[in-house]
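> Take a look at the following structure, please.
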Amino acid sequence: PMGVSRGELVEAWARSGIDTVTASSSGAGLRRRHLVMRLHADGLVTSGPVRGGEHLIVDARPLPGAPGVAKGEPGHEEALAVLAARYAWGHGPIGEADLARWTGLTVTEARRAMDGAREAGESRGFPLAEFDGALARADLADLVEENRAEAEAMFALPSFDELHVGYKDRSCLTDEAVEALICPAKNGMFRPIIVEGGRVVAVRAPGHQVVMAAGCQSLQQLARCAFIEWEKWLSETQR
């Protein structure tokens with residue numbers, strides 16, 4: 002099978018007599034989330050194909066292993082370098098702090114990984130280059146020019162989108178005042194955002210309220226329309 006949704010997994014647990022509901026109604030989903038998290042952490046399941054806008058959960062046990070790359074094993078340093086290279090290719094320009102935050106590595110480990118990233122990328126067909134001390138795919142400048150109009154357009158992004166949460170330093174995207182709109186409680190629960198010209202200009206608060214960044218009020222109607230179009234697209238993909 003290609004995998005199951007979380008709902009289907011919970012139903013299967015219920016049929017097997019596995020209780021996934023806590024005694025407290027306020028924490029009704031807590032136990033099931035911890036069970037799913039533990040299965041991922043133990044390497045028994047992983048995220049698979051998308052169905053209806055949701056990543057299915059698949060059995061990880063039949064997947065190819067990665068022998069010899071655990072910490073202390075001969076291939077560990079090379080594996081870290083490959084990880085850094087792939088992250089730089091998909092998210093660059095990035096620095097060691099970005100890599101450490103994204104992977105959970107220590108800054109020291111991230112620094113070593115970055116040192117070997119260019120060689121690892123080159124040998125695997127995705128060459129990297131430095132841009133103001135940060136690492137990215139070598140053709141980044143060409144990509145920017147080819148896609149500038151699209152990149153500078155207005156578009157809506159969901160909570161936890163990589164453009165926002167994928168970096169430690171987000172100053173190129175937003176500032177402290179807008180960060181306070183995105184996550185007012187400072188509890189890691191981010192709100193959907195609108196980006197225009199490469200900057201966050203609006204946030205969707207609870208109740209579908211659109212909150213504009215300072216100086217961006219003239220874009221309010223466009224921001225509302227962008228959120229509506231995003232919600233329509235999301236609804237269609239979840240059918």
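For the sequence shown, our numbering gives the first residue as 2, with consecutive numbering after it. Glycine included, C-beta positions come from ideal geometry on N, C-alpha and C.
1) If you run the structure through DSSP and keep just helix, strand and coil, what is serine 17?
2) Secondary structure at glycine 69, three-state DSSP: helix, strand or coil?
3) Output yes or no for whether 7 Å exceeds the beta carbon distance between glutamate 120 and alanine 111.
4) What do you reckon, are the CB atoms on glycine 4 and valine 59 nearer than 7 Å?
5) State the Cα-Cα distance for the pair arginine 200 and alanine 85, rounded to the nearest angstrom.
6) Just reading off the beta strand (DSSP E) that serine 48 is part of, what are its end residues?
7) Whose C-beta lies closer than 6 Å to the C-beta of proline 68 among residues of the same chain, with five residues either side of it excluded?
8) Cα-Cα, which of Ala186, Leu106, Ala130 and Leu220 is closest to alanine 206?
9) Between the C-alpha atoms of threonine 104 and glutamate 197, what's the straight-line distance to the nearest angstrom?
10) In its own chain, which residues sit with a C-beta less than 6 Å from the C-beta of valine 179, not counting the 5 before and 5 after it?
11) Using the C-alpha atoms, what's the distance from glutamate 163 back to arginine 171?
12) Of all the options Glu55, Arg52, Gly44 and Val11, which has the alpha carbon lying nearest to the alpha carbon of arginine 34?
A quick look at the data gives this:
1) coil
2) coil
3) no
4) yes
5) 26 Å
6) 46-52
7) none
8) Ala186
9) 28 Å
10) Val201 and Ala214
11) 11 Å
12) Val11
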